[in-house]
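J.: The structure under discussion is supplied below as structure tokens; questions concerning it will follow.
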Amino acid sequence: MRGAALYQNSRVVGARRENLVVLLYERLLADLRGAVVAIEEGNIEIKAQRLDHALDILFELLGTLDHDSGGEIAGRLSSLYSFFIAEINVVSRTLETPRLERIITMIDGLYGSWREVTAGAAGGGAAPGDPVGAGR
1 MRGAALYQNS
11 RVVGARRENL
21 VVLLYERLLA
31 DLRGAVVAIE
41 EGNIEIKAQR
51 LDHALDILFE
61 LLGTLDHDSG
71 GEIAGRLSSL
81 YSFFIAEINV
91 VSRTLETPRL
101 ERIITMIDGL
111 YGSWREVTAG
121 AAGGGAAPGD
131 PVGAGR
């Protein structure tokens with residue numbers, strides 16, 4: 001496990017800001033998928049850990065939005081993140097895996113969009129306005 005943790009740390013330390021967003025989405029999806037498995041297995045402790053970490057990530061993403069630079073995109077992301085937070089809180093109480101699966105599908109779509117943006121930026125292509133603040 002130590003090797004995996006070192007690898008993850010090196011990915012984060014050397015990443016550009018927009019790549020960090022992609023890494024956060026990857027971990028968010030892993031946490032949510034892990035919560036689904038935990039709910040299906042009846043492991044409430046792991047479910048709580050996974051959903052709590054997913055909420056931490058969403059609050060981090062929400063807090064790093066730059067509404068001045070990101071404009072409408074930042075506003076829409078803020079609304080989505082707030083919706084995800086509310087839904088995860090409901091799932092935490094009700095254990096509704098279909099509801100959690102819908103959230104995962106939506107976040108997976110956002111993850112794909114961020115991957116396209118970072119691939120475009122890495123390839124020298126023009127990326128759309130960055131909703132994440134440059135100074136953050």
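Numbering of the sequence shown is given in the UniProt record's numbering, commencing with residue 1 and proceeding in unit increments.
Glycine included, every Cβ here is placed at the ideal spot set by N, Cα and C.
1) For G42 and V117, I'd like the C-alpha separation in whole angstroms.
2) Hey, E87 and R99: beta-carbon distance below 8 Å or not?
3) Compute the beta-carbon to beta-carbon distance between I107 and L51, rounded to the nearest angstrom, for a pair I have assumed lies under 8 Å.
4) Cα separation between I85 and L61?
5) Please report how far the alpha carbon of A48 lies from the alpha carbon of A121, in whole angstroms.
6) For L38, count neighbouring C-beta atoms within 10 Å of its own C-beta (all shown protein chains included) and say buried if the count is 16 or more, exposed if not.
T.: For this structure:
1) 38 Å
2) yes
3) With 8 Å as the limit, I107 and L51 do not qualify as a contact, their Cβ atoms being about 13 Å apart.
4) 11 Å
5) 36 Å
6) Reading off the sequence, residue 38 comes out as Ala, not Leu. Buried: at least 16 other Cβ atoms inside 10 Å.
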